[in-house]
Amino acid sequence: PPALFLSRVERRYIQGTATLDILRGADFAVWPGEIVALVAPSGTGKSTLLHVAGLLERPDAGEVYIGARPTVELDDSERTRLRRVDIGFVYQFHHLLPEFSALENVVLPQLIRGLDRKVAGQRATDLLTFLGIGQRLKHRPAELSGGEQQRVAIARAVANGPRVLLADEPTGNLDPGTADHVFHTLIALVRASRVGAVIATHNLDLARRMDRRVTIRDGIVMQMD
Ligand code: ADP
Ligand code: ADP
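First residue of the sequence shown? That's 8 in full-length UniProt numbering, and the numbers climb one at a time after it.
Below, the structure is given as C-alpha cells:
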C-alpha cells in the first residue's frame, strides 16, 4: 500500500459566520521511498493537509490511511499512538529540547515509545552518523549550527521508523548552501528508510529535485507537472 493515502478528504473551518472549505475531496497518495513536494500559496491549506495527514486534525469527511490502516474512526489515544510510531514531523524551526544533547533528543521519542535504552541509543547514533553529524552526539542544540540542528530534528522525526515523514519548510530557515546540504541528506534518508515524505516548501529549486510536485487548488490536491 502507499505509505500515506488521503481519500476524498474534506476539511472546513468556521470563522464567524463564514465557512472556509479548505479541503474539498482531496485525494493524495505517497509511496514508500517517495519524496513529494507540496507547493502552494499561503492560505491554500498546506498546513491543514499536513495536520490531517499527520493525525493532528480529523477530516470532516473522507479517510486517511497510514499504510493500509484507516485512521478516521480510531479514538484519540489510538491516533496518538499511531502518530508516535508511524509519523515523523519536521518544522522550519528545529524545536529540539535545549537541555538535552543531540543524541538524547533522538533517543527520547524511542523511549516514549517503549524501546530499550541501549537499542534506542544505538539507533540514534547510527541515524546521526548517517546524517553526517556523528561527531556532534554530545552537543546541545545551542552548540550546533543551524544545519546541524535541522539534521538532528530530522533524525528525531524518523527515530521510530515511521512510514510517513511530514515536513513544513524544513530548510526554510537555512542559508541556500546549508539548505542544499541538509536536503541531500534528507533525500538519502528517505531512499534508505523507505519512508514516504511530503515536504511543503516555497523553494522551487528544491521542489524540482523531489520525485514529483503537487499543489492545492480549489481544495483538491493537483499534480503540478
Ligand atoms: P497554508 O498552510 O497553506 O498557509 P493553512 O492550512 O494554514 O494554509 O490555512 C488555510 C486557511 O484555513 C487559512 O485561511 C486559515 O486562516 C484557515 N484556518 C486554518 N486553521 C484554522 C482554524 N483552526 N480555524 C479557522 N480557520 C483556520
Ligand atoms: P505551523 O502550522 O505554523 O507550521 P507548527 O508546525 O508549529 O505550526 O505546529 C502546528 C500545530 O501542530 C500546533 O498546534 C502544534 O501544537 C501541533 N504539533 C506540532 N508538532 C506536533 C507533534 N509532534 N505532536 C502533536 N502535535 C504537534
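All residues carry an ideal CB built from backbone N, CA and C; glycine is no exception.
Between the alpha carbons of residue i and residue j, how many angstroms are there, rounded?
i	j	result
Gly23	Ala199	47 Å
Leu45	Val171	14 Å
Ala33	Glu106	41 Å
Glu70	Thr178	30 Å
residue 7	Ile21	The shown model of the chain, from 8 to 232, leaves out residue 7, and the question about it has no answer.
residue 297	Gly168	A question about residue 297 goes unanswered here, because the residues of the chain that appear run from 8 up to 232.
Leu122	Pro66	31 Å
Gly50	Asp225	12 Å
Val202	Ile94	9 Å
Gly141	Ala25	51 Å
Arg130	Val114	8 Å
Leu144	Val189	17 Å
Met217	Asp232	12 Å
Val79	Arg86	9 Å
Looking only at its own chain, which residues have a Cβ that is under 8 Å from the Cβ of residue i, when we skip the five neighbours before and after it?
i	result
Gln230	Arg219, Arg220 and Val221
Gly139	Arg158 and Thr192
Val165	Gly95, Leu134, Leu172, Leu196, Ser200 and Val202
Gln117	Val126, Ala127, Arg130, Ala131, Ala166 and Asn167
Using beta-carbon positions only, say whether residue i and residue j come within less than 9 Å of one another.
i	j	result
Asp175	Leu57	yes
Ala75	Pro8	yes
Leu27	Arg15	no
Asn210	Ala195	no
Leu11	Ala36	yes
Leu13	Val197	no
Ile206	Val43	yes
Arg91	Arg124	no
In chain order, what residues of the same chain lie with their CB nearer than 6 Å to the CB of residue i, ignoring the 5 residues before and after it?
i	result
His146	Ala109
Going along the chain, which residues of its own chain have a beta-carbon closer than 7 Å to the beta-carbon of residue i, five neighbours each way excluded?
i	result
Glu17	Leu30, Arg31, Gly32, Pro66, Asp67, Ala68 and Gly69
Phe100	Asn180
Give me whichever residues DSSP pairs with residue i in a beta bridge.
i	result
Met229	Thr222
Ile94	Val171
Val16	Ala33
Thr26	Ile21
Closer than 6 Å: residues whose CB approaches a heavy atom of ligand 1: The answer, residue by residue, is Tyr20, Gln22, Leu27, Ile29, Ala47, Ser49, Gly50, Thr51, Gly52, Lys53, Ser54 and Thr55.
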